[in-house]
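**Q** Let me give you the structure first, and then I'll get to my questions.
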Amino acid sequence: MAPGQKIKAKIKKNLPVRGPQAPTIKELMRWYCLNTNTHGCRRIVVSRGRLRRLLWILFTLTAVCLIFWQCALLVFSFYTVSVSIKVHFQKLDFPAVTICNINPYKYSAVRHLLAELEEDTRQTLKNLYGFSEMTPRRRREAESWGLAQEGRHPRFLNTIPLLLLETGEPGQAREFLTGRKRKVSGKVIHKAADVVQVHDSRKVVGFQLCSNDTSDCVLYNFSSGINAIQEWYKLHYMNIMAQVPQEKKINMSYSAEELLVTCSFDGMSCDARNFTLFHHPMYGNCYTFNSRQNETVSTSMGGSEYGLQVILNINEEEYNPFLVSSTGAKVIVHRQDEYPFIEDVGTEIETAMATSIGMHLTESFKLSEPYSQCTEDGSDVPVENIYKTAYSLQICLHSCFQMKMVEKCGCAQYSQPLPDKASYCNYQQHPNWMYCYYQLHQAFIREELGCQSVCQEACSFKEWALTTSLAQWPSAVSEDWLLSVLAWDQGQPMRKKLNKTDLAKLLIYYKDLNQKSIVESPANSIEMLLSNFGGQLGLWMSCSVVCIIEIIEVFFIDCFSIIARRRWQRAREWWARRTLPAPEATPRAGGQDNPTLDVDDDLPTFTSALRLPPALGAQVPGTPPPKYNTLHLDRSFSAQLKDTQLPPTEV
Amino acid sequence: MHVKKYLLKCLHRLQKGPGYTYKELLVWYCDNTNTHGPKRIIREGPKKKAVWFMLTLLFAGLVCWQWGIFIMTYLKWEVSVALSIGFKTMDFPAVTICNASPFRSSKVQPLLQDLDELMEAVLARILAPTAPHANASRALNATIWNHTPLVFIDERDPHHPEVLDLFGDGHNGSAPGSSCSAQGCKVAIRLCSRNGTVCTFRNFTSATQAVTEWYSLQATNIFSQVSPKDLVAMGYPAERLILACLFGAEPCSYRNFSRIFHPDYGNCYIFNWGMKEKPLPSSNPGAEFGLKLILDIGQQDYVRYLASTAGARLLLHEQRTYPFIKDEGIYAMSGTETSIGVLVDKLERMGKPYSQCTVNGSDVPVDNLYRDYNTSYSIQACIRSCFQSHMIQNCSCGHYLYPLPPGHRYCNTRDFPDWAYCYSTLHMSVTQREACISMCKETCNDTQYKMTISMADWPSESSEDWIFHVLSQERDQSPNITMDREGIVKLNIYFQEFNYRTIEESAANNIVWLLSNLGGQFGFWMGGSVLCLIEFGEIIIDFLWITIIKLVALAKALRQKRTQARYDSPPPTVAELVKAHTNFGFQPDVAGPDPDPDPHPGAYPSEQTLPIPGTPPPKYDSLRLQPLDIIESDSEGDAI
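Same order as they appear, the protein sequences are chains A and B. Under full-length UniProt numbering, the first sequence has 303 at position 303, and the numbering climbs by one with no breaks. Under full-length UniProt numbering, the second sequence has 536 at position 536, and the numbering climbs by one with no breaks.
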């Protein structure tokens, strides 16, 4: 006999095949309860008295239910996050700082483009409020009051007329141009009227936007003429500027040397070369410090003297009186790869002041799917990024709107970048774009375009918390010499002195080099979940995966095999009763069919060698465990076991 | 010999111990252990046995793997944070107030006389190079100028930049830079060392910066030679600066402020510093319960070339900390009322091993020079101390802006002619800064005051008159107005509705967490516990014992073989002898009646006296139940 076989035989004898050989399900259950490792079951079987048994069944079932409940809770709370906040003191990368003059273009440079519009605006003011002479506080170049163009036909007021609406008589409006009343159709939209109840003024100013076939009109009115005129002016302004090529616009705006008088960073001098140009449609030329992604400068000292210090020349003379009504500059602190949304989130800077902005860096990292609905780099958001910069929610919303605009109105809105194969809207090519734009904008605000649902927030972002404080600059005693030296720096002729209201000083610095990071991390891992399962199973029933396998084995495999066996037995009996003359065919199949007895294939050689061959019928069940009290039921197998023994006898 | 004896003793003990084979041990273990898997291995048929064996191994592997993960996680020393927000009665922050101008011009004028004249000449030269030298007749202090002069660098020819002295007249009568504008020429400071042999030029892109830098460098030079007492006297005294003070409903005055001298801002005054007296608490939110101050910054008395920005400088900080007002301070504008709502943002961190923070700075290898102020450690203090120590190392004198270590002096041109050159190279050196950053550690408890700043015009035009009258009367006992809109500052500092936000760290994974997860894993896969581990350990020890016994027996057998090889008359019983030795543990039947003469009776007494070493310990019931099987299995096993 080969050693392997010998071992096998020996093991078989020493550790006889045992298993749920129970003939009935009840016996199987009993066997299971007595032998399982879980704690409750045994008590059910060994308890005496019905009440106790019932109680134990109840307890066991309760424990099972509790386990299921708790495990379900654990599974449902799997995708939760824990937040950690860390503070590091380290050398920090200085953010990109974009500085814009509030006024986009030098008025003297754009004047020839806007002359007609200006004329119309003045005429409107004259008609509406009855004054004609505007005396700007100081405007050096003599302004030619539109005398030369007296007989001109007002083009812009014809295209989109400004109207004075009488609230008393709906549908009636007076045109500024002609003074005659005219019928107004279309729905009336109060700008912001649904937010704030407009006090019941008698007269409201507004303008009407019509689509091509003038039957469909929308009327916008405003509670104050200031808003109406500015909005109206802006519409036409965008219309005009949209036709001007980019290079020309850059030339009309401020150059870096004009805007930045002095600059120093980290105690070292810097100049216009350290700034990169960024052309914003509504703010003209903006200049970004430290915008190059691969050569970011960093700060290794906190405090104002180690940050960015610039003196800006705002040059109030060149301001456009209708487009902007405030003076100063706008500044925004952002990441190098981020698009500066200067109109949305910029900080304004006053002239004749030193604005010191202390920064605190906070970084946040969120976990993306499945923990939250955020996107890592925007690649999974189905909106094309027209800004060509790093993804952010703002960029997505603006891109989404612009794409919708191109799709619906056939042209792109002026204040946002141009998508591929599109052009900015203007009257010449898209006569009714304004109507389309306002309709679309309303829909956007009411979240009807679906942009808000498509766009997701970015998972990680850097935020610079700014503490802004102001001080008087230049101080009374130093004003004299400072202004003249600054004028020299600007390269201006000696006699022309700078005015302090043209200048603004800006200091941007890290207050300290602490970087706060807020990091989300998964609160649960799979091993935590498993060990929590283990804890629950162990607590209620002292159970483990082995028990679960046991349960599967007993309740699914063994139960079915028992049922199948009994069925088979019955069928065989029934068959035997019906067809007595054919007893040989079925037993063989039965013997091989019985899965529990398959293992005993080579048993006869072994048993016959050691044990008494005559006790064949009694011995073969050797499989049943001696401890199982099912032993006495072995006889129930006898009929069948004979069959299993048949093959060797045949051989 | 001694060791051998001892080993033998051990051997005897061992031989008394586990008298069974590996296999028996395994079977016994599997049958009796409390872990769930092994039991099933021995209870079922061969196929199931194999399955269960694999399962048990798999589960054991899984448990080990998961334990590894948990222990690694634990050793990462992660923290979790708890955030709490609310209002509670808290100590009002210390408020440091400075004037933007360090000194009063009227007091400091005699000191700066020469420098101011020089500056005026420089400005005139820059602005109007062709104008006749009206001030040439005036005697300028040449020593100041010659040490660190301002120069023009003519960059119109980019390949050959020309350096021109601002006052140099040697260029055939025409003043240097006569045709220079800001675009063509740059103003630079010449810094020289070693008696003017090694020079560098500190370039500026704008003349404004150059002259400001130059002036402050020269002023530093002058002030560093003045005694601290005189410096204090030249600054703004508390009674001139602080006109009115109200804390909550309690009146306070300039006497409630402690003075500290700041090199950049002169006399600074700290309210509620908590050095001598107990810090004042504030138990209500809102401006009515905060600190209200009226200051007069006296803008007309500003040092002309030193303070171009006018306003009060303000910093909120913790009690008993040094105010680093230049870094973290904010401005308050004159002629306005500045309201500051305060939220105390506190971060409490765990020390080692969770993070590299320091509790009191005692483990930082930098001598804290701010200790003289009796203040606690902060990273700013550390970095400045670090710089000052580098300064003393390289330039052998201390910089005026930082405190002095004992036994050293401040830099000035008279005693240390090279210091400006040395300082400017050191100051711009990135390696120096990085060395300091890496050396200094942040503090574990970090408090920041988040401010919400708002401003309004003050005093209003209608109230201006009487307010100025009252204030003038109070301060100067004068019926005339002695102050103006450009000098007066009103400050309100108060707690916001929520005045604290505390982020507290706690260990994310403590030992309880670790144990319960280990238990959970072990329980989940195998239903095991610590006792099971102990059982397992016991079995391992048993295994080792058996191994040792077997090894010893083997060694002995080998030796015997050798000795028998030496005696050339091998008795026929030798083979049996060897066998007896190899199997002495488990051949009770053979060992008992062993007739062979033992070659070393003294060495192996246990072998013979051992009654039935092969008999399994009586505690193992498996052996009890089936002694016949065991014997049989053993003999078979041996045969194999």
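Where a beta carbon is used, it is the ideal one built from N, C-alpha and C, also for glycine. Quick caveat: nothing in here was measured; it's all calculated off a predicted structure.
(1) Can you find the residues in the same chain that come closer than 8 Å, C-beta to C-beta, to Tyr-437 of chain A, ignoring five residues on each side of it along the sequence?
(2) Of the residues B:Trp-67, B:Phe-70, B:Met-72, B:Lys-39, which one's Cα is nearest the Cα of Thr-56 of chain B?
(3) Closer than 7 Å, Cβ to any Cβ of chain A: which residues of the segment 189-212 of chain B, in chain order?
(4) For Pro-23 of chain A, go through chain B and note every residue whose CB falls closer than 7 Å to its CB, in chain order.
(5) What residues from chain B crowd round residue 656 of chain A, counting only those whose CB sits closer than 8 Å?
(6) Output, in chain order, the set of chain A residues within a Cβ distance shorter than 9 Å of Gln-29 of chain B.
(7) Within the continuous alpha helix (DSSP H) that includes Cys-71 of chain A, where are the two ends?
(8) In whole angstroms, what separates the C-alpha of Arg-194 of chain B from that of Phe-201 of chain B?
(9) What number of angstroms, rounded off, separates the C-alpha of Lys-9 of chain B from the C-alpha of Ile-534 of chain B?
(10) Give the residues from the segment 61-85 of chain A that approach chain B closer than 9 Å (Cβ to any Cβ), ordered along the chain.
(11) When DSSP labels each residue in this structure, what does Asn-274 of chain A get in the three-state scheme?
(12) When burial is assigned at 16 or more other CB atoms within 10 Å of the CB, is Pro-388 of chain A buried or exposed?
(13) According to DSSP, simplified to helix, strand and coil, what is Pro-365 of chain B?
(14) Say whether chain B places a C-beta atom closer than 8 Å to the C-beta of Asp-344 of chain A.
(15) Would you please verify whether the beta carbon of Asn-256 of chain B is less than 8 Å from any beta carbon of chain A?
(16) When the Cα of Val-310 of chain A is compared with those of A:Thr-467, A:Asp-271, A:Leu-482, which residue comes out closest?
(17) I'd like to confirm the pairing. Which residues does DSSP put opposite Lys-86 of chain A in its beta bridges?
(18) By DSSP, does Asn-480 of chain B sit in helix, in strand, or in coil?
(19) Go to Gly-298 of chain B, then tell me how far its beta strand (DSSP E) extends in each direction, as first and last residue.
(20) Cutting at 7 Å between CB atoms, please list the residues of its own chain near Thr-38 of chain A, excluding the five before and the five after it.
(21) Anything in the segment 514-543 of chain B with a Cβ closer than 9 Å to a Cβ of chain A? List those residues in chain order, please.
(22) Does Thr-81 of chain B have its Cβ less than 8 Å from a Cβ in chain A?
(23) Buried or exposed for Cys-440 of chain B, please, with buried defined as at least 16 other CB atoms from any protein chain shown within 10 angstroms of its CB.
(24) Starting from Trp-464 of chain A, follow its DSSP beta bridges and name the residues at the other end.
(25) Say whether the segment 298-317 of chain B touches the segment 112-119 of chain B, bearing in mind that this needs 3 or more beta-carbon pairs closer than 8 Å, one atom from each stretch.
(26) So if DSSP puts Met-353 of chain A in a beta bridge, which residue, or which two residues, is it bridged to?
(27) Please name the residue in B:Leu-471, B:His-408, B:Thr-425 whose C-alpha comes closest to that of Ser-224 of chain B.
(28) Can you have a look at Asp-489 of chain A and say buried or exposed, based on whether 16 or more other CB atoms are within 10 angstroms of its CB?
(29) Short of 8 Å Cβ to Cβ, which residues in the segment 414-447 of chain B face chain A?
(30) Suppose you measure from the CA of Pro-345 of chain B to the CA of Asn-524 of chain A; what does that come to, to the nearest Å?
(31) Tell me whether Pro-459 of chain B is buried or exposed, calling it buried when 16 or more other Cβ atoms sit within 10 Å of its Cβ.
(32) Output needed for Met-234 of chain B: all residues of its chain with C-beta closer than 6 Å, excluding positions within five of it in sequence on either side, in chain order.
(33) Please report the distance separating the alpha-carbon of Ala-207 of chain B from that of Lys-505 of chain A.
(34) Kindly list, in the order they appear in chain B, the residues whose Cβ is closer than 8 Å to that of Gln-90 of chain A.
(35) Compute the Euclidean distance between the alpha carbons of Val-63 of chain B and Ala-63 of chain A, then round it to the nearest angstrom.
(36) Given this structure, state the Cα-to-Cα distance separating Arg-53 of chain A from Ala-458 of chain A, to the nearest angstrom.
**A** Working from what's here:
(1) Closer than 8 Å at Cβ, skipping near neighbours: Met-405, Cys-409, Gln-413, Cys-425.
(2) The shortest C-alpha separation from Thr-56 of chain B is found at B:Lys-39.
(3) So the list reads Asn-203, Phe-204, Thr-205, Ser-206, Ala-207, Thr-208, Gln-209, Val-211, given in the order they occur along the chain.
(4) Think of a sphere of 7 Å around the beta carbon of Pro-23 of chain A: no beta carbon from chain B falls inside it, the nearest being about 18 Å out.
(5) Any property of residue 656 of chain A remains undetermined from this structure, which presents chain A solely from 1 to 651.
(6) Note on identity: in this sequence residue 29 of chain B is Tyr, with Gln being the wrong assignment. The premise fails here: Tyr-29 of chain B is roughly 14 Å from chain A at the closest Cβ pair, so nothing lies under 9 Å.
(7) Membership of Cys-71 of chain A in the alpha helix (DSSP H) is indicated by the continuous run 50-76.
(8) Here the alpha carbon of Arg-194 of chain B sits roughly 15 Å from the alpha carbon of Phe-201 of chain B.
(9) Distance from the CA of Lys-9 of chain B to the CA of Ile-534 of chain B, rounded to the nearest whole angstrom, comes to 26 Å.
(10) Going along the segment 61-85 of chain A in chain order, one finds Ser-82, Val-83, Ser-84, Ile-85 with a Cβ nearer than 9 Å to chain B.
(11) Helix at Asn-274 of chain A.
(12) One detail in the question is off: residue 388 of chain A reads as Lys in this sequence, not Pro. With fewer than 16 Cβ atoms within 10 Å of its Cβ, Lys-388 of chain A is classed as exposed.
(13) DSSP places Pro-365 of chain B in coil when its eight states are reduced to three.
(14) So, not an interface residue.
(15) For Asn-256 of chain B, the answer is no, since every Cβ of chain A falls outside 8 Å of its Cβ.
(16) Answer by Cα proximity: A:Asp-271.
(17) According to DSSP, Lys-86 of chain A shares a beta bridge with A:Ser-517.
(18) Coil, per DSSP.
(19) First-last for Gly-298 of chain B: undefined, no H or E at that position.
(20) Within the same chain, Cβ atoms closer than 7 Å to the Cβ of Thr-38 of chain A are found at Met-541, Ser-542, Cys-543, Cys-547, the five residues on either side in sequence being excluded.
(21) For chain A, the residues of the segment 514-543 of chain B that bring a beta carbon within less than 9 Å of one of its beta carbons are Ser-516, Asn-517, Leu-518, Gly-519, Gly-520, Gln-521, Phe-522, Gly-523, Phe-524, Trp-525, Met-526, Gly-527, Gly-528, Ser-529, in chain order.
(22) According to the sequence provided, residue 81 of chain B is Val. The question's Thr does not apply to it. The beta carbon of Val-81 of chain B falls within 8 Å of a beta carbon belonging to chain A, placing the residue at that interface.
(23) Under this definition Cys-440 of chain B is a buried residue.
(24) Note: Trp-464 of chain A sits in a beta bridge opposite A:Leu-361.
(25) The answer is yes - the segment 112-119 of chain B touches the segment 298-317 of chain B, with three or more Cβ pairs under 8 Å.
(26) Note: Met-353 of chain A sits in a beta bridge opposite A:Gln-472.
(27) Shortest Cα-Cα distance from Ser-224 of chain B to any of B:Leu-471, B:His-408, B:Thr-425 involves B:His-408.
(28) Asp-489 of chain A should be labelled buried.
(29) Cβ contacts with chain A come from His-427, Met-428, Val-430, Arg-433, Glu-434, Ile-437, Cys-440, Lys-441, Glu-442, Asp-446.
(30) The question names Pro, but residue 345 of chain B is Asp in the sequence shown. One C-alpha to the other measures close to 29 Å.
(31) The residue is buried, with at least 16 neighbouring Cβ atoms inside 10 Å.
(32) Cβ contact annotation for Met-234 of chain B (same chain, cutoff 6 Å, sequence separation greater than five): Phe-103, Lys-107, Val-108, in chain order.
(33) Between Ala-207 of chain B and Lys-505 of chain A, the C-alpha separation is close to 16 Å.
(34) Per Cβ cutoff of 8 Å: Ile-437.
(35) The alpha-carbon atoms of Val-63 of chain B and Ala-63 of chain A are separated by roughly 25 Å.
(36) Straight-line Cα distance between these residues: approximately 60 Å.
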